[in-house]
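Student: There's a structure below that I have some questions on.
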Amino acid sequence: MARTAWGLLWLLLGSAGAQYEKYSFRGFPPEDLMPLAAAYGHALEQYEGESWRESARYLEAALRLHRLLRDSEAFCHANCSGPAPPSAATPGPAPPDPDGGHEDEWARELQLFGHVLERAACLRRCKRSLPAFQVPYPPRQLLRDFQSRLPYQYLHYAQFKANRLEKAVAAAYTFLQRNPKHELTAKYLNYYRGLLDAAEEPLTDLEAQPYEAVFLRAVKLYNSGDFRGSTEDMERALAEYLAVFARCLAGCEGAHEQVDFKDFYPSIADLFAESLQCKVDCETNLTPNVGGYFVEKFVATMYHYLQFAYYKLNDVRQAARSAASYMLFDPADSVMQQNLVYYRFHKARWGLEEEDFQPREVGLAFPGTLRTWDLIENILASSKGRMGNKKKEYGEFPSGLSG
């Protein structure tokens, strides 16, 4: 739809709620619905024209629209991603084909694409009912910009110029949580906090996931010696993280841009590689930032804490299974290897069975294990046409602050 057609919607935007407030992606206010690209483009135009309040208003609206699209994609793909029906399953042994096996291969392809067509029909039905898909889909690069929190780089400065210092602090901190080495934004944040005389006040990440605070609380309880409280919170953080991770994976199967004409199989390969790269990025994008440092191998780290905490609680069965789960991610870890040797040596004393040394199902189901990443890296290394991220800079320093 032409951009001018959304002019009235811009006038009707009203006091759209903040991008992080609770909302229903099924019942998104019709008067706030517009294409993400149009809302963001209008925000940047107002930014260039130094209409700071209007720019901040539409940046927040764009962030809310992005969340709407992300949640809607994840909902539809989660509801349409069940196992293949029996007709689409891998067929059993068939009698020899006199045509050299070509008929069997053709039958398998038909069964596979039959499942693909069924899933596509499910997605079409789902998306017809959701507001996010009633407007044009944004370009893939724009979605990458939102994933990297680039809009907050504009939002914090617009809020500062609009004399909303508390919101400027929150937006700058939110950007830095995903981009901790961005020195320019770090200087802005310190400057804003100095103006507010709030250097000791806690900071708010507007995009924080629920599991982040639970994980930090679990670590604090662990360090204080409250191992029971730590295991309860760490198990909760693990479950919440995996739920968010699953939604991220589902969202990677959304719409894709076709920028040129290609043969059938190269097109399928490009779409698959793009979706796979998005899924790889899920782990990076969902890794918590604690004190300016990302918690590498986040799932493995949680299992590491659980292993020792369960041991201190004398729950050796759970300790052994947590250690085995950790080894899925870092099998060369000598400390954890020694822990498993210790548990095995005393298994009769603790009444452990061989099954108690198997990884937990949660660990096995997580696609971030070492073996899975090796396979993914090999696939992506052989693919072509992968797109890189594009970084943008902006703005001058406020008076009194130098680069």
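For reference, each letter of the sequence shown is one residue, going -18 to -1, 1 to 385 in mature numbering (1 follows the signal peptide of the UniProt record, and there is no 0).
Ideal Cβ positions, reconstructed from N, Cα and C, are used throughout, including at glycine.
1) On the CB-based measure, 16 or more other CB atoms within 10 Å of its CB, does Asn10 come out buried or exposed?
2) Could you tell me whether the stretch 289 to 307 touches the stretch 328 to 338, using the rule of 3 or more Cβ pairs below 8 Å?
3) Sorted by chain position, which residues of the same chain lie with C-beta nearer than 6 Å to Pro341's C-beta, five sequence neighbours on each side aside?
4) Comparing C-alpha positions only, which one of Gly207, Glu148, Asn161 and Asn296 sits nearest to residue 400?
5) Thinking C-alpha only, which one of Met216, Arg210, Glu189 and Ala190 is nearest Ala200?
6) Could you pull the start and end residues of the alpha helix (DSSP H) that Thr186 belongs to?
7) Per DSSP, which residues does Tyr275 bridge with? Please list them.
8) So is Gln320 buried or exposed if we call it buried at 16+ other beta carbons inside 10 Å?
9) Below 6 Å CB to CB, which residues in the same chain sit around Val298 once its five sequence neighbours on both sides are set aside?
10) Starting from the Cα of Ala44, find the closest Cα among Gly211, Glu32, Asn61 and Tyr22 and give me that residue.
11) Rounded to whole angstroms, how far is the Cβ of Arg131 from the Cβ of Val151, which I believe are closer than 8 Å?
12) Can you tell me which of the three DSSP states Asp245 falls into?
13) Looking at the secondary structure, which residues open and close the alpha helix (DSSP H) in which Tyr22 lies?
14) Does the beta carbon of Leu258 come closer than 8 Å to any beta carbon on chain E?
15) Do you know offhand how far Arg210's Cα is from Ala219's?
16) How big is the Cα-Cα spacing for Phe197 and Glu85?
17) So the candidates are Ser63, Glu222 and Tyr292; which of them puts its Cα closest to the Cα of Asp208?
18) If we ignore side chains and look at the alpha-carbon of each, how far apart do Ala314 and Pro192 end up?
19) Does DSSP classify Lys261 as helix, strand or coil?
20) Is the beta carbon of Glu222 less than 8 Å from the beta carbon of His59?
21) With 16 as the cutoff for other CB atoms within 10 Å, does Ser316 come out buried or exposed?
22) Restricting to Cα atoms, I'd like to know which of Gly274, Leu268 and Phe290 is closest to Phe280.
23) Quick one: grab the DSSP three-state call for Lys202.
24) What is the DSSP secondary structure of Pro68, reduced to helix, strand or coil?
25) Looking only at its chain, what residues have a beta carbon closer than 7 Å to the beta carbon of Ala181, apart from the 5 residues adjacent to it on each side?
26) Taking 6 Å as the limit between beta carbons, can you name the residues of its chain near Tyr134, skipping five residues before and five after?
27) Over the uninterrupted alpha helix (DSSP H) stretch that includes Leu323, give me the two end residues.
28) Does DSSP put Ala181 in a helix, a strand or coil?
29) What is the DSSP secondary structure of Gln191, counted as helix, strand or coil?
30) Which word fits Glu55, buried or exposed, when buried means at least 16 other C-beta atoms lie within 10 angstroms of its C-beta?
31) If Tyr136 sits next to Leu50, beta carbons under 8 Å apart, how far is it from one beta carbon to the other, in whole angstroms?
32) Going by Cα to Cα distance, which pick from His286, Arg160 and Lys261 is closest to Phe276?
33) Just how far apart, CA to CA, sit Gln129 and Trp88?
Tutor: By the coordinates alone:
1) Start at 1 with the first residue of the sequence shown, and residue 10 comes out as number 28. Here residue 10 is Phe; the residue named in the question, Asn, does not match the sequence. Buried: at least 16 other Cβ atoms inside 10 Å.
2) yes
3) Position 359 of the sequence shown, counted from the start, is the residue given in the question as residue 341. The answer, listed in chain order, is Ala306, Ser307 and Leu310.
4) The structure shown has nothing for residue 400, since the chain only spans -18 to 385.
5) For this step, residue 200 is matched to residue 218 along the sequence shown. Of the candidates Met216, Arg210, Glu189 and Ala190, the one whose C-alpha sits nearest the C-alpha of Ala200 is Met216.
6) Numbered from its first residue, the sequence shown carries residue 186 at position 204. Careful: Thr186 lies outside any alpha helix (DSSP H) and carries neither H nor E.
7) Taking the sequence shown and counting its residues from 1, the one referred to as residue 275 is at position 293. BP columns for Tyr275 point to Val272.
8) Within the sequence shown, numbered from 1, the residue matching residue 320 stands at position 338. Flag for Gln320 reads exposed.
9) Here residue 298 refers to the residue found at position 316 when the sequence shown is read from its first residue. Counting only Cβ-Cβ distances below 6 Å, and skipping sequence neighbours, we find Trp332.
10) Numbered from 1 along the sequence shown, position 62 holds the residue referred to as residue 44. Nearest C-alpha to Ala44: Tyr22.
11) Stepping through the sequence shown from its first residue, residue 131 is reached at position 149. Stepping through the sequence shown from its first residue, residue 151 is reached at position 169. The Cβ separation is near 15 Å, so there is no contact.
12) Numbered from its first residue, the sequence shown carries residue 245 at position 263. Coil, per DSSP.
13) Sequence index remark: in the sequence shown, residue 22 carries index 40 (1-based). It spans Leu18 to Glu30 - the alpha helix (DSSP H) in which Tyr22 sits, taken as one unbroken run.
14) This model lacks chain E altogether; it includes just one protein chain.
15) Taking the sequence shown and counting its residues from 1, the one referred to as residue 210 is at position 228. Taking the sequence shown and counting its residues from 1, the one referred to as residue 219 is at position 237. Approximately 14 Å between the Cα atoms of the pair.
16) Within the sequence shown, numbered from 1, the residue matching residue 197 stands at position 215. Within the sequence shown, numbered from 1, the residue matching residue 85 stands at position 103. For Phe197 and Glu85, the distance between alpha carbons rounds to 54 Å.
17) On the sequence shown, residue 208 is found 226 positions in, with the first residue counted as 1. Out of Ser63, Glu222 and Tyr292, Tyr292 has the C-alpha closest to the C-alpha of Asp208.
18) As a position in the sequence shown, residue 314 is number 332, starting the count at 1. As a position in the sequence shown, residue 192 is number 210, starting the count at 1. The alpha-carbon atoms of Ala314 and Pro192 are separated by roughly 31 Å.
19) Along the sequence shown, read from residue 1 onward, the residue named residue 261 stands at position 279. Helix, per DSSP.
20) For the purposes of this step, residue 222 is taken as residue 240 along the sequence shown, with counting starting at 1. For the purposes of this step, residue 59 is taken as residue 77 along the sequence shown, with counting starting at 1. Contact flag unset, no.
21) Reading the sequence shown from its first residue, position 334 is the one you call residue 316. It counts as exposed.
22) Within the sequence shown, residue 280 is the residue found at index 298, counting from 1. With distances taken between Cα atoms, Phe280 lies closest to Leu268.
23) Indexing the sequence shown from 1 puts residue 202 at position 220. Note: Lys202 maps to helix in three-state DSSP.
24) For the purposes of this step, residue 68 is taken as residue 86 along the sequence shown, with counting starting at 1. The predicted position of Pro68 is uncertain, since its pLDDT is 48 and thus under 50; no value can be drawn from it.
25) Sequence index remark: in the sequence shown, residue 181 carries index 199 (1-based). Closer than 7 Å at the Cβ level, and outside the excluded window around Ala181, lie Arg175.
26) The residue labelled residue 134 in the question sits at position 152 within the sequence shown. Answer for Tyr134: Ala153, Thr156 and Phe157, listed in chain order.
27) Position 341 of the sequence shown, counted from the start, is the residue given in the question as residue 323. The question names Leu, but residue 323 is Val in the sequence shown. Its alpha helix (DSSP H) spans residues Ser316 to Phe327.
28) Your numbering for residue 181 matches position 199 in the sequence shown. Looking at Ala181 - three-state DSSP - the assignment turns out to be coil, as it is neither helix nor strand.
29) The residue given as residue 191 occupies position 209 in the sequence shown. Coil.
30) Stepping through the sequence shown from its first residue, residue 55 is reached at position 73. The residue is buried, with at least 16 neighbouring Cβ atoms inside 10 Å.
31) Translated into the one-based positions of the sequence shown, residue 136 becomes position 154. Translated into the one-based positions of the sequence shown, residue 50 becomes position 68. In fact, because the Cβ distance is near 20 Å, the residues do not count as touching under 8 Å.
32) By one-based count along the sequence shown, residue 276 stands at place 294. That would be Arg160, whose Cα lies nearest to the Cα of Phe276.
33) One-based indexing of the sequence shown puts residue 129 at position 147. One-based indexing of the sequence shown puts residue 88 at position 106. Approximately 40 Å, taken between the alpha carbons.
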